[in-house]
Amino acid sequence: MLLLRRLVRAGRSWGTEARGLASGAPREAADAVVVGAGVVGLAAARALAMAGREVVVVEAAPSFGTGTSSRNSEVIHAGIYYPPRSLKARLCVRGKEMLYKYCEERGVAHKRISKLIVATGAAEVPKLDMLLRNAKENGVDDLQLMEGSEAMEMEPELRCLKALLSPSTGIIDSHSLMLSLLADAENLGTTISYNTSVISGHVGSNGLELHVCESKELQNYHVGSHVNAQLVLLPKLVINSAGLSAVLLAKQFHGLDQEFVPTPHYARGCYFTLSQTKSPFSRLIYPLPEDGGIGVHVTLDLNGLVRFGPDVEWISDGGKDHVSCFLNKGGMSMVFLDWLICLE
Numbered sequence: 007m008l009l010l011r012r013l014v015r016a017g018r019s020w021g022t023e024a025r026g027l028a029s030g031a032p033r034e035a036a037d038a039v040v041v042g043a044g045v046v047g048l049a050a051a052r053a054l055a056m057a058g059r060e061v062v063v064v065e066a067a068p069s070f071g072t073g074t075s076s077r078n079s080e081v082i083h084a085g086i087y088y089p090p091r092s093l094k095a096r097l098c099v100r101g102k103e104m105l106y107k108y109c110e111e112r113g114v115a116h117k118r119i120s121k122l123i124v125a126t127g128a129a130e131v132p133k134l135d136m137l138l139r140n141a142k143e144n145g146v147d148d149l150q151l152m153e154g155s156e157a158m159e160m161e162p163e164l165r166c167l168k169a170l171l172s173p174s175t176g177i178i179d180s181h182s183l184m185l186s187l188l189a190d191a192e193n194l195g196t197t198i199s200y201n202t203s204v205i206s207g208h209v210g211s212n213g214l215e216l217h218v219c220e221s222k223e224l225q226n227y228h229v230g231s232h233v234n235a236q237l238v239l240l241p242k243l244v245i246n247s248a249g250l251s252a253v254l255l256a257k258q259f260h261g262l263d264q265e266f267v268p269t270p271h272y273a274r275g276c277y278f279t280l281s282q283t284k285s286p287f288s289r290l291i292y293p294l295p296e297d298g299g300i301g302v303h304v305t306l307d308l309n310g311l312v313r314f315g316p317d318v319e320w321i322s323d324g325g326k327d328h329v330s331c332f333l334n335k336g337g338m339s340m341v342f343l344d345w346l347i348c349l350e
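The sequence shown finishes on residue 350 if you use this note's numbering, and the numbering steps up by one all the way, no holes.
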């Protein structure tokens, strides 16, 4: 927010006609702008700063990582489920080892806790074989197919016919990871502007525009009203890492071919915590994947807290009001997502 006020005071006209909600707002050049200070945004900012770019991160919330990055299972996945040769598969398998290395170098709390994917009925056993083949095609070559008796010897409270053991699956303290990424980025000169919202943008022959205002200007917003930009940023590069708002934000970029904006499919997932008792498991326990996710599973955090979830509740509209979604008012505050990052 302080950065925004400084830029507004120092803003200068660049001779380009202001568009729509940005009419009359001061304009300021920028090199690289990252929208969103979650784990992906901070990792992107760090990588750009390491490459010598001048980076500004704009975040609508008062602090970093308050959206989807604070609402995920904190699992470091092995790369088992994704379609072979897909981008997700390549990033997950490569990023997993890079993330472990980064955590070891920076002292970020994590643990290779391993997980068991279990078949509880005879009809599920062939699906384990399919997962094993899929994982091998993705380059995950450490999985072990075992009989139920072997798995139950490892986890006495478990009941299953067969299981896949994934030794390279782990857990991580996501807040500590973000603190480390933030420190790296800031040490390399990155500027973070909190309480700052990107409300729209423009893509044209003269380059990119980001229409920006203080988040407090959106607090009294109601559907149909107008929010004027307080500043227009003119960046050479924009990274849209706005989490659940990323697609809606992209739709607010005038001049951007909407063919390149993916269709969002929103689902809400809830977790339940096991309290006042010792954890019955020492590893993560997963069922076979289901439609919309990888099933209600058992996760542990680094303090030994046990969570069961998430379930899947599909949400038809997903928050069509883009401003409310930017402020996390679209009924999506309980959505849990896992993220993939690569660290150079």
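Even glycine gets a Cβ: it sits at the ideal position worked out from N, Cα and C.
Taking a cut-off of 8 Å on C-beta distances, the segment 288-297 does not touch the segment 62-73, as fewer than three cross pairs fall below it. Runs of the alpha helix (DSSP H) lying entirely within the segment 178-228, each at least 4 residues long, are 180-193 in chain order.
In the DSSP assignment, the residues bridged to Ile245 are Val40.
For Ser155, the uninterrupted alpha helix (DSSP H) segment begins and ends at 154-160. The beta carbon of Leu137 lies closer than 7 Å to those of Ile86, Ile123, Leu170 in the same chain, with the five residues before and after it left out.
In the displayed model, Val238 falls within a strand according to three-state DSSP. Here the alpha carbon of Asn309 sits roughly 26 Å from the alpha carbon of Val318.
For Lys102, the uninterrupted alpha helix (DSSP H) run begins and ends at 93-112, by DSSP.
If the five residues before and after Met184 are omitted, its C-beta is found closer than 7 Å to the C-beta atoms of Val45, Leu48, Phe70, Gly71, Ser75, all from its own chain and listed in chain order. Per DSSP, the beta-bridge partners of Val63 are Val40, Ile198. Relative to Arg33, the option among Cys219, Asp263, Lys257 whose CA is nearest is Cys219.
Here DSSP, grouped into helix, strand and coil, assigns Lys284 to coil. Boundaries of the beta strand (DSSP E) harbouring Leu170: 168-172, taken from the DSSP string.
Per DSSP, the beta-bridge partners of His303 are Gly315.
Rounded to whole angstroms, the gap between the alpha carbons of Ala129 and Cys166 is 12 Å. Your pair Ile178 and His116 checks out as a contact, with CB atoms roughly 4 Å apart and the cut at 8 Å.
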